[in-house]
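K.L.:
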Amino acid sequence: MRINSIASQINVEAVKKLEQERKNVSGSGKTSHAKDASHISSEAKRLHETAGDVNTVQTQVQNQPEIRTERVEEVKAKIKNGFYNSDAFIDRLTEKIMKDFGL
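Each residue of the sequence shown is one higher than the last, beginning at 2 in our numbering.
(1) Pull up the distance between the alpha-carbon of Asn82 and that of Ala45, whole angstroms please.
(2) Report the rounded CA-to-CA distance for Arg23 versus His40, giving the unit in angstroms.
(3) Using the three-state DSSP reduction, which class does Glu89 fall into: helix, strand or coil?
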């Protein structure tokens, strides 16, 4: 019995070795002249560029303060000085509203 089990193991290993040799011969015997090639479409290029632009804008937005304190102070000063209650401001505002609505 022991001889049979050893013989079967040797047989299995021989078959594996033979299959491997066949693969090596068939793989090395053929020479392939075809080359791999890839093509990036113009749309993919545009999307890649757009992604870069989005990242740039996103970085700029993240670096901006949430509240522009200098603008807040400017508006506070104008309120305190009565700028928004002046006739000049009201006239400018009225003209802008009429222009925006096409009147």
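No residue lacks a Cβ here, since even glycine has one placed at the ideal position from N, Cα and C.
P.N.:
Straight from the coordinates:
(1) 55 Å
(2) 35 Å
(3) Before going further, note that residue 89 is Ala rather than Glu in the sequence given. In the structure shown, Ala89 sits in a helix (DSSP, three-state: H, G or I).
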